[in-house]
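Residues 0 to 291 (numbering that gives the first Met the number 0) make up the sequence shown, in order. Ideal Cβ placement from N, Cα and C applies to all residues, glycine included. Below is one structure, written out as structure tokens; the observations come after it.
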Amino acid sequence: MSETSGRPTFRFAPSPNGLLHLGHALSAFENRRRADAMGGRLLLRMEDIDRARCTPENEAAAIEDLAWLGIGFDGPVFRQSEHFAEYQAALDRLVAEGLAYPAFMTRGTVRQMVADHEAAGARWPRDPDGAPLYPARDRARPADERRALMAAGHRHAWRLDMAAALARIGAPLSWQEGTGDRTVEIAASPADWGDVVLSRSDAPSSYHLSVVVDDAAQGITHVVRGRDLYHATAVHRVLQVLLGLPQPLYHHHRLLLGPDGRKLSKSNNDTALRQLRAEGRSVADIRVLCGI
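Right under this line is the structure:
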């Protein structure tokens, strides 16, 4: 059920699979600043679907780091691990409507197929992040063959049939992007992502599915996140329309890059807030390192 307060509602949503770093600090500061400027709420969501890597210790460390930064949140922590049933219900709806299919090919099989294809001199299509699109083999399997494989216990993911989804929607998609003091309409190109994963055998939901379900459930009106997720918004718009979910206003902020020119990651221990605190850095220092 959607939480509604009548106030602009933002969320900061880290994954507790490691320590927060400077990039997280930038995003948290930006969310808090925008929520305060609009008299809105800021909610804290833990995107902890990956139970193998996400730990209570990392969550506790994240909450402690955010408190040290002086960033407060409105309401209790929202944990994705407590909402698997909602993600399953959304997936079941897409499956029932013929918009999702079981995908049996392993990552290794796909890698080999792509390598063989490109070794022959033909480029395999890739998504905006550079990952190869999933082959059409499973989408084309007859229904009786799919049922037989599933009955035999073959592990599988569920993928969105993007072509079927776009045919169902039947109209161009876009999203609203806040830029400065203006809101602009951005044309979405979800087909560029191919048949995205909705769930895996080892995870009850993908990021794409859970994030749109969560944003609706929490009544999120403004999504402020890094530029690395800009193009993925096209996938989120498809799922929002198919599931009848509201569309937030988006803002994709700049990224902090490491010396190699890549965005920061949890493996960059030199940018971890916990490490910087141990070195005696102040919150003011963190703001300077974040460029704010």
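The distance from the Cβ of W192 to that of V222 is about 18 Å, inconsistent with a contact at the 8 Å cut-off. Per the Cβ contact rule, the segment 210-230 is in contact with the segment 32-47 (3 or more Cβ pairs under 8 Å). Around the beta-carbon of D201, fewer than 16 other beta-carbon atoms lie within 10 Å, marking it exposed.
Fully enclosed beta strand (DSSP E) runs of no fewer than 3 residues occupy 156-159 of the segment 104-162, in order along the chain. Residue pairing from DSSP leaves Y229 without any beta-bridge partner.
By the Cβ neighbour-count rule, I219 is buried, with 16 or more other Cβ atoms within 10 Å of its own. Taken in chain order, the complete beta strand (DSSP E) segments of 3 residues or longer contained in the segment 208-265 are 221-225 and 248-252. The criterion of a C-beta distance shorter than 7 Å is not satisfied by A102 and R145. A buried status is given to T270, since no fewer than 16 other beta-carbon atoms sit within 10 Å of its beta-carbon. When C-beta atoms of the segment 115-134 are compared with those of the segment 173-183, fewer than three pairs fall below 8 Å, so the two segments do not count as touching.
Around L275, the same chain offers no residue with a beta carbon nearer than 6 Å, after the five sequence neighbours per side are excluded.
By the Cβ-count criterion, S14 is buried, with 16 or more other Cβ atoms from all chains shown falling within 10 Å of its own Cβ.
Taking C-beta separations shorter than 6 Å and ignoring five residues to either side along the sequence, the partners of P7 in its chain run M37, G39, T220 and H221, following chain order.
A residue is called buried once 16 or more other Cβ atoms fall within 10 Å of its Cβ, and P189 is buried on that count. If you look at G177, you'll find it in the beta strand (DSSP E) that goes S173 to T178. Excluding its 5 nearest sequence neighbours in each direction, V211 has C-beta neighbours in its own chain below 6 Å: H235, L238, Q239 and L244, listed in chain order. A straight-line Cα-Cα distance of about 6 Å links L21 and C289. Ranked by Cα distance from P247, the first of R110, G177, D227 and A89 is G177. For the options L90, A95 and A164, the alpha carbon positioned closest to that of A156 is the one of L90. Secondary structure at A102: strand, using DSSP grouped into helix, strand and coil.
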